[in-house]
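Contents: one structure, followed by commentary.
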Amino acid sequence: MKNFLVGLFVFLLALLLMFTTFSAGFITGRTMVVPAWFPSALKPALEQSAGWLNPSSASLDNGTPEELAPLFRPFWQAWDLVHEFFVDQPVDDVLLMRGAIRGMMDSLGDPHTSYLDPVMFEAANAHLQGEEYEGIGAWVDTTQEHLTIISPMPGSPAEKAGLKSGDKIIAIGGVDMTGLDGEAVRQKVLGPSGSTVILTISRTGVDEPFDVEVTRGAIVVPTVTGEILEQNLAYVQLYTFGDATTKDLRTTLDELLAKHPQGLILDLRNNGGGYLDTAIDVVSEFVDKGVVMYEVYGDGRSETFEAKPGGLATKIPMVVLINQGSASASEIVAGAIQDRGRGYLVGVTSFGKGSVQTYSELVDQQGAVRVTIARWLTPNHRQIAGQGLNPDFPVEISETDLAEDVDPQLLMAIDVLLKNLTPPPTPVPTATSPSPTQAP
520 MKNFLVGLFV FLLALLLMFT TFSAGFITGR TMVVPAWFPS ALKPALEQSA
570 GWLNPSSASL DNGTPEELAP LFRPFWQAWD LVHEFFVDQP VDDVLLMRGA
620 IRGMMDSLGD PHTSYLDPVM FEAANAHLQG EEYEGIGAWV DTTQEHLTII
670 SPMPGSPAEK AGLKSGDKII AIGGVDMTGL DGEAVRQKVL GPSGSTVILT
720 ISRTGVDEPF DVEVTRGAIV VPTVTGEILE QNLAYVQLYT FGDATTKDLR
770 TTLDELLAKH PQGLILDLRN NGGGYLDTAI DVVSEFVDKG VVMYEVYGDG
820 RSETFEAKPG GLATKIPMVV LINQGSASAS EIVAGAIQDR GRGYLVGVTS
870 FGKGSVQTYS ELVDQQGAVR VTIARWLTPN HRQIAGQGLN PDFPVEISET
920 DLAEDVDPQL LMAIDVLLKN LTPPPTPVPT ATSPSPTQAP
């Protein structure tokens, strides 16, 4: 066991430096492969280190490497003390190992870098793979002090119960969740279809926390819907950036464009993100060429992503709807469309999730580690992390609008399209915009 754990720690350190699979969203995952977009400068190092990534490698079974032995002496001293003196024996070695990994991730001080045990990792993968799961049906941010609703899924128990973007879950069933890991809190929200959960909510603008009772259901995450509005405008709503999104979007665009609409509205409101490769595929349906995103690493290296050829809707006038629930991959798409002068943004400032995480599955089915490895910038070198995208046409939705089932943001988008059926001019980068070769 001791040798296994040492090897596992060394394996994790190698992962932190050399391996990446991207997660643009808040809860995503990929298997351990080298994707085509992996930075070319890092590929040789990754190939040379293949032994570290192979679960059968002898490096996972050997003792502490000689050069690391002095560093790990306090760790093994603590390990032995726990096994010899802790009052409740026997201790669970697997829990100790997982706790050590979790502590290593937490010590980096980055809210998006963390350890997921096997149950958490399986649940985290479900919605982007198009699988059904049981819960309340909401995209959430696990990195804040309290589990925060990014947006309820349409038609979900969360939406029916009145949960809103920005709601913070401060207690579950009367038990305070303050200080608990966000992913652990998310697991407590999940549960069998038909069961109920009482969530204590803190909401901006509401003086006191209040309880919301939600009846869980079987959740099938939607991908894309579309229709032709009465003004002869195509309306497409993306709910996530998962495995099926690209195919479903192309199918939807084929059907709508065959009806010859005079403009298109892309609704990214309450879309919490997903996979990077899906985001690039999606934006390429609307932008025919050129840079759509930069990925910037801590050492100053920059990876450039360009639109793929063959997009179906690269010429039609368009407007993009965003709100505070538009995050990550949604911001990649909206930022590219805005910077490339392809369309206007309507709504309110987006969430502001601009960092890049890896999800790397650990050996022996021991879960995964999520590590922040880069930040991304829009084509005009704007950093979105902590700032979000500002709409060209700001429009709020009031409580009265919600009560009367009025969507002023959609109405503004329609008005903008009908008055501006030509693409907007490409914005000029500001002098303060960071260079894509600088670490943000």
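Just so we're aligned: the sequence shown equals residues 520 to 959 in the working numbering. Just so you know, even glycine gets a beta-carbon here, dropped at the ideal spot from N, CA and C. This one's a predicted model, so the numbers in the text were calculated from it and none came from an experiment.
Distances from the CA of A904 to each of D911, L864 and S849 were compared; the closest alpha carbon is that of S849. Scanning T723, L666 and V740 for the CA closest to the CA of V708 turns up L666. In this chain, the alpha helix (DSSP H) harbouring Q928 covers P927 to K938. Distance from the CA atom of F594 to the CA atom of G886, rounded to whole angstroms, is 22 Å.
Around the C-beta of H900, 16 or more other C-beta atoms lie within 10 Å, and the residue is accordingly described as buried. When only Cα atoms are considered, Y813 and L896 end up about 5 Å apart.
Scanning V739, L718 and R722 for the CA closest to the CA of V733 turns up L718.
If you draw a 10 Å sphere on the C-beta of D695, you find fewer than 16 other C-beta atoms in it, and that means exposed.
Boundaries of the beta strand (DSSP E) harbouring E814: V810 to V815, taken from the DSSP string. Remark: C-beta atoms of G873 and R894 approach each other more closely than 8 Å. In chain order, I799, V811 and M812 place their CB closer than 6 Å to the CB of F824, counting only its own chain and leaving out the 5 sequence neighbours on each side. Under the DSSP definition of a beta bridge, M696 lacks any partner. Proximity to E915 across P927, E923 and N909 peaks at P927, based on C-alpha coordinates.
In the DSSP assignment, K834 falls outside any beta strand (DSSP E) and carries neither an H nor an E. For D773, the enclosing alpha helix (DSSP H) stretches over residues T764 to L776. Here T661 really is in contact with R705; their C-beta atoms are around 6 Å apart, less than 8 Å.
Excluding five sequence positions before and after I669, the CB atoms of its chain that fall closer than 8 Å to its own CB belong to F545, A657, W658, V659, D660, S684, N789, G791, G844, A846 and F870, given in chain order. E804 sits in coil when the DSSP states are folded into three classes, being neither helix nor strand.
Among the bridge pairs identified by DSSP, A657 is matched with P671. Bridge partners of A737 according to DSSP: E653.
Per DSSP, reduced to three states, the secondary structure at E664 is coil, with no helix or strand assignment. For S721, the enclosing beta strand (DSSP E) covers residues T715 to S721. L748 and Y754 have their C-alpha atoms spaced approximately 7 Å apart.
DSSP places D686 outside both helix and strand once states are collapsed to three, so it counts as coil. By the CB criterion at 8 Å, R859 and V925 fall outside the cutoff. Contact between the stretch 833-844 and the stretch 774-785 is present: 3 or more CB-CB pairs across the two stretches fall below 8 Å.
Between the alpha carbons of V882 and D611 lies a distance of about 19 Å. With a cutoff of 8 Å on beta-carbon distance, A932 and V890 are scored as not near each other.
Excluding five sequence positions before and after S712, the CB atoms of its chain that fall closer than 8 Å to its own CB belong to E653, R735, G736 and A737, given in chain order. Looking at the backbone, the Cα of T697 and that of I689 are separated by about 6 Å.
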